[in-house]
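One structure is given here, and the rest of the page talks about it.
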Amino acid sequence: MTRFVTRREILRCGSAAFALSMVGGARLVAATAMTAHTKDLYEAATKEGELTWYTAHSDDVTAQALGHGFEVAYPGIRVNVVRTTAQVAFQRVSQELKAGAVQVDVLSSTDIGHYVYLKEKKALEQYVPENASKVLDIYQHYDPDGYYFVTSAGLIGMVYNTAKLKEAEAPRNWSDLTDAKWKDRIALGHPGFSGYVGTWTVMMRKLYGWQFFDSLAKNNPQIGRSINDTITMVNAGERLIAGTALIATAAENVQKGNPLAMVYPTDGTVLILAPSGIFKGGKHPKGARLFMEYLMSVDASKIWVDHFFEPLRPEVAPSPGVRSARELKTIRPSGEEIVKGIPEVIEQWRSTFGV
């Protein structure tokens, strides 16, 4: 079996090479080309020495790869990566704000409603990254006032166990999940924990009404928390189909040799646009600004693609291991629909599924 070398391993090797090249304590030179603006930020951020990043944009492996990539690009600045689900991250920052003890510097949630709330509370710093104008058009101008920006994009589809289900038998669209033949065979995430699943739930309600979930509940799905829990359940043989599956996580599991296949629903693969923003009053303001530049950089897009997410930058081609949003029929609710809808569907979900 061919072994794939990940960008994370390459970056680790690169980091070691940098260290070996040091002579007499000479300062490391950043691995990425810097503009005058990022050079000024870098010089100021090195005095801070570190930054803290709360992220719900990916699994932990991808988050750590991005953090490590930043440390390689900007030696002397450590990234404290805290990966969790969107709603847990929001609870954490809310507690920090209430206590007047902000620990986070950059928040990357998958629920735009968090940013709308935090912006209203004047908890976010207004900062327009130099790289904000360099990402693909679809990812620009998410907040016209410049408090948060799209820094990640992913796809939600379905996944099934190929050892137990043939391709011709697998569901082809979202409404297929309500078929009674899938009773006790479906895994789902929870909108009360995952911003990805919250957005998906809002989109399904928009497409099919809440009766879709009433029918889905009759199939007794196993419900986890994170959207990534569904892949774990299918891998473990607990369920046959991941009804809410992050395509990137599924592709990484396929790369590892797990018997999974992705389904891009005919009624639309859900495209998630996930923002990041800087917390006002954070301990490392210059590092936070530099990190926002990095998240929208070519280097970060390459790491996202190596982990099967969508590239933000036009210079970076999509991963050959998955189908790209550029070639698929994609669907997504508007920002306003997400802000209003997620709190509503969380309550509806708990009433319908009992969890």
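Start counting the sequence shown at 1; every next residue gets the next number (UniProt numbering). Yeah, the Cβ is synthetic: ideal placement off N, Cα and C, and Gly gets one too.
Exercise for the section: Closer than 7 Å by C-beta to Ala123: which residues in its own chain qualify, once you throw out the five before and the five after it? Chain order, please. Expected result: Leu97, Phe279 and Lys280
Problem - In chain order, each alpha helix (DSSP H) run of at least 4 residues that lies wholly inside the segment 41 to 106 - result: 60 to 73 and 86 to 99
Practice task
Using a threshold of 9 Å, state whether the C-beta atoms of Tyr196 and Ser108 are closer than that.
Solution key: no
Practice task
Rounded to whole angstroms, what's the CA-CA distance from Gln255 to Ala163? Just pull it up for me.
Solution key: 16 Å
Practice task
Pull up the CB-CB distance for Val355 and Ile223, whole angstroms please, since I reckon it's below 8 Å.
Solution key: 5 Å
Handout entry: Sequence-distant residues of its chain with Cβ nearer than 8 Å to Val339 (five each side left out)
Key = Ile112, Gly113 and Val116
Problem - Cβ-Cβ distance between His284 and Ser58 below 9 Å - result: no
Practice task
Tell me, to the nearest whole angstrom, how far the beta carbon of Leu271 is from that of Ala153; I am working on the premise that it is less than 8 Å.
Solution key: 7 Å
Handout entry: Val263 classed as buried or exposed, judged by whether at least 16 other C-beta atoms fall within 10 angstroms
Key = buried
Exercise for the section: Could you name the residues of the same chain whose beta carbon sits closer than 7 Å to that of Val345, not counting the 5 residues immediately before and after it, in chain order? Expected result: Pro191, Gly198, Thr201, Val202 and Arg205
Problem - Best match in Gly335, Tyr142 and Pro311 for proximity to Arg326 [C-alpha to C-alpha] - result: Pro311
Practice task
May I have the straight-line CA-CA distance separating Glu252 from Thr151, to the nearest angstrom?
Solution key: 20 Å
Problem - Contact check, Met292 vs Phe149, beta carbons under 9 Å - result: yes
Practice task
Taking all protein chains shown into account, decide if Gly100 is buried (16 or more other Cβ within 10 angstroms of its Cβ) or exposed.
Solution key: exposed
Practice task
Using 10 angstroms around the beta-carbon of Ser351, count the other beta-carbons present and answer buried if the total reaches 16, otherwise exposed.
Solution key: exposed
Practice task
Take Ile231 as the anchor and find which of Thr62, Thr266, Ser215 and Ala187 has the nearest alpha-carbon.
Solution key: Ala187
Exercise for the section: Take Asp60 and list the residues in its own chain whose beta-carbon comes closer than 7 Å to its own, dropping the five residues that flank it on each side. Expected result: Arg83
Problem - Under the three-state DSSP convention, the category Asn228 falls into - result: coil
Practice task
Could you say which of Leu207, Phe70 and Val104 lies nearest to Asp299 if we only look at CA atoms?
Solution key: Phe70
Exercise for the section: Whole angstroms is fine: what's the gap from Thr35's alpha carbon to Val81's? Expected result: 25 Å
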